[in-house]
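*Asks:* Have a look at this one before I ask anything.
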Amino acid sequence: MAPTPLAPLSLYREREELGIWEHRGKVAVAGLGCSPTARRWDEKPETSVGANTIIAVNKALEDAGISPEAIDGLVVVPDCTGEPWAPRPIPEDFARTYEPTDNPNDGISSMSADWLVKNIPELNKVTFAMHAPTCMSKAIVVAAQIVGDGEANTVLVVRALNNLSGRYSQWGFNAMDTAPDRAQWTSPWGWSAAGAAYGYALNKYCKKYGSNHDRMAPFIVNQRRNGLMNPDGFFYQHRPDAITAEDYIAARWLAKPMNLYDADMPIQVSFAYVFTTADRAKDMKQPPVYILNHASNVPKVRSNVQTLDEVEASTDAIARKVFDGSGITASDIDVFNPYDGFTLFTQYYLEGFQWHGVKRGEAHDFWAGDITVEGPHPFSSSGGNTGSGRTRV
């Protein structure tokens, strides 16, 4: 394969007032696969990022009821979020097990389309490959657009996460004794974008709307409850214990006002989706999930961190783009699953989308009601990141 290109900005719908997405309802998700989860890597080939990814791909294909030969496109998130492996020597048993690429990290702490094709030979009909860096959200956006545009017919979307030592981002300047340059203002205690930015905004939020951090407890408790019903989740598989409001309120601070339960848990896991055309999806194993739109947003930030006004403006903007491009309104959404990798900003999405009529400053009141999956407001049904680990499935 030629070097895999990065997804160009033209594939992301970033501007407002673009109108109905031209491929609305013509692209579908037809399969999902997730590997087993682990808190860290035990350095065995069979539990590596590469092995997990092969498991996730095979499960997604099985879920869709198709063979690898049906795949003609790959969209892969190349970076795995956790720490890099190189320059440490590649474990000999891993090197004997898998076909290498030019990147020594591939299959251990990164993942590429090239590695997948080399190590799943049945993916021999792939004619299109693209990397979508940073996040699964970008990869599914790219996959939806390229299927709609006819660049590929049936696409595997792959995301792998590594957590080699069980810690997160403990390298580079985060491992230094001092915080250099602008990091002295944003990351004085190591990797703490959430503590600097989201914590600042939450303090302003609580002051503006007369709330406090502890009123988030019902939301956090419900996330774990939902996660314990998700078989692909870390807590379902390894720590099947519910938490209480008292557990949340008493948890140790990470970077006040963010405590231990306000951050998702980095884990070792891979997951994959099958995206295809709506016509092809009809003949596959699962009922298709049709995509009505995708939208992206680049927050406007005047300084090192977002202010509360900037956060709220950003989430208002993404809500407008989603509704404008899909042709639906908040009243059409049955289950709302906003991102919760750091819970301190989940309320901004809820209020920005005004799901079930929730307006600015009302999220904490809403969470005090019935947000269970059995109730009238089934919020974040999968448990999200905080209820399931960093899978986002």
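Take the sequence shown: its position 67, counting from 1, is numbered 69 in our numbering, and each next residue is one higher. We put the beta carbon where it would ideally sit given N, CA and C, even for glycine.
(1) So if DSSP puts Thr278 in a beta bridge, which residue, or which two residues, is it bridged to?
(2) What separation, rounded to the nearest whole angstrom, lies between the Cα atoms of Gly52 and Ile73?
(3) Could you tell me the alpha carbon to alpha carbon distance between His240 and Pro380, rounded to whole angstroms?
(4) For Pro268, is the classification buried or exposed, using 16 other Cβ atoms within 10 angstroms of its Cβ as the cut-off for buried?
(5) Going by DSSP, name the residue or residues bridged to Gln270.
(6) Where DSSP assigns a beta bridge to Asn261, which residues make up the other side?
(7) Do you know how far the Cα of His296 is from the Cα of Arg15?
(8) Do the CB positions of Ala58 and Ala274 come within less than 7 Å of each other?
(9) Note the first and the last residue of the continuous beta strand (DSSP E) segment covering Tyr238.
(10) DSSP has Val360 in a bridge; who is on the other side?
(11) On the three-state DSSP scale, how would you describe Leu125?
(12) In the DSSP output, what is Ala162 paired with across the bridge?
(13) Mind reading off the beta-carbon distance from Val324 to Val149? Whole number of angstroms is fine, and I expect it under 8 Å.
(14) With H, G and I counted as helix, E and B as strand and the rest as coil, what does DSSP make of Ile2?
(15) Among Val78, Thr136, Gly152, Thr6, which one has its Cα closest to the Cα of Thr278?
(16) Quick check: the stretch 17 to 28 against the stretch 300 to 313, are at least 3 beta-carbon pairs closer than 8 Å?
(17) Mind checking whether Met113 and Ala162 have CB atoms under 7 Å apart?
(18) Can you give me the Cβ contacts of Asp81 inside the same chain, cut-off strictly under 8 Å, excluding the 5 residues immediately before and after it?
(19) Using a Cβ-Cβ cut-off of 6 Å (strictly less than) and excluding sequence neighbours within five positions of Pro220, which residues of its own chain qualify?
(20) Does Ser1 come out as helix, strand or coil in the three-state DSSP assignment?
(21) Alpha carbons only, please: which of Phe236, Ala145, Gly201, Asp311 is nearest the one belonging to Asp264?
(22) State the Cα-Cα distance for the pair Arg115 and Ser298, rounded to the nearest angstrom.
(23) Would the beta-carbon of Arg226 fall within 7 Å of that of Gly343?
(24) Of all the options Thr331, Leu166, Pro340, Phe355, which has the alpha carbon lying nearest to the alpha carbon of Ala319?
*Replies:* Well, looking at it:
(1) Position 276 of the sequence shown, counted from the start, is the residue given in the question as residue 278. Partner(s): Ala30, Thr156.
(2) Locating residue 52 in the sequence shown gives position 50, counting from the first residue. Locating residue 73 in the sequence shown gives position 71, counting from the first residue. Gly52 and Ile73 have their C-alpha atoms roughly 19 Å apart.
(3) For the purposes of this step, residue 240 is taken as the residue at position 238 of the sequence shown. For the purposes of this step, residue 380 is taken as the residue at position 378 of the sequence shown. If you take the alpha carbons of His240 and Pro380, they lie about 25 Å apart.
(4) Locating residue 268 in the sequence shown gives position 266, counting from the first residue. Pro268 comes out buried.
(5) For the purposes of this step, residue 270 is taken as the residue at position 268 of the sequence shown. Under DSSP, the beta-bridge partners assigned to Gln270 are Ala40.
(6) Here residue 261 refers to the residue found at position 259 of the sequence shown. Looking at the DSSP assignment, Asn261 forms a beta bridge with Trp255.
(7) By one-based count along the sequence shown, residue 15 stands at place 13. By one-based count along the sequence shown, residue 296 stands at place 294. Going by the C-alpha atoms only, they are around 7 Å apart.
(8) For the purposes of this step, residue 58 is identified with residue 56 of the sequence shown, where counting begins at 1. For the purposes of this step, residue 274 is identified with residue 272 of the sequence shown, where counting begins at 1. In terms of Cβ geometry, Ala58 and Ala274 form a close pair [threshold 7 Å].
(9) Reading the sequence shown from its first residue, position 236 is the one you call residue 238. Looking at the DSSP string, Tyr238 is not in any beta strand (DSSP E); the run it does join, the alpha helix (DSSP H), is 236 to 240.
(10) Residue 360 sits at position 358 when you count from the first residue of the sequence shown. Residue pairing by DSSP places Val360 opposite no residue, since no beta bridge is assigned to it.
(11) As a position in the sequence shown, residue 125 is number 123, starting the count at 1. Taken through DSSP and simplified to helix, strand or coil, Leu125 comes out as coil.
(12) Working through the sequence shown from its first residue, we reach residue 162 at position 160. Paired residues: Ser272.
(13) Here the question's residue 324 lines up with position 322 in the sequence shown. Here the question's residue 149 lines up with position 147 in the sequence shown. Not a contact, Cβ separation roughly 19 Å.
(14) The first residue shown for the chain is 3 and the last is 395, placing residue 2 beyond what the model contains.
(15) On the sequence shown, residue 278 is found 276 positions in, with the first residue counted as 1. The residue among Val78, Thr136, Gly152, Thr6 with its C-alpha nearest the C-alpha of Thr278 is Gly152.
(16) The stretch 300 to 313, when compared against the stretch 17 to 28, does not touch it at the 8 Å Cβ threshold.
(17) Indexing the sequence shown from 1 puts residue 113 at position 111. Indexing the sequence shown from 1 puts residue 162 at position 160. In this structure, Ala162 lies closer than 7 Å to Met113 by Cβ.
(18) Within the sequence shown, residue 81 is the residue found at index 79, counting from 1. The beta carbon of Asp81 is closer than 8 Å to those of Ser112, Pro135, Thr136 in its chain, skipping five residues each way along the sequence.
(19) Here the question's residue 220 lines up with position 218 in the sequence shown. Within its own chain, the residues whose Cβ lies closer than 6 Å to the Cβ of Pro220, once the five positions on either side in sequence are excluded, are Trp369, Ala370, listed in chain order.
(20) Any answer about residue 1 is impossible in this case: the structure gives the chain only from 3 up to 395.
(21) Indexing the sequence shown from 1 puts residue 264 at position 262. Of the listed residues, the one whose Cα sits closest to Asp264 is Gly201.
(22) Sequence index remark: in the sequence shown, residue 115 carries index 113 (1-based). Sequence index remark: in the sequence shown, residue 298 carries index 296 (1-based). Note on residue identity: the sequence assigns Ala, not Arg, to residue 115. For Ala115 and Ser298, the distance between alpha carbons rounds to 23 Å.
(23) Here residue 226 refers to the residue found at position 224 of the sequence shown. Here residue 343 refers to the residue found at position 341 of the sequence shown. No, they are not a contact pair.
(24) Walking along the sequence shown from the start, residue 319 turns up at place 317. Taking each of Thr331, Leu166, Pro340, Phe355 in turn and checking the Cα distance to Ala319, the smallest one comes out for Phe355.
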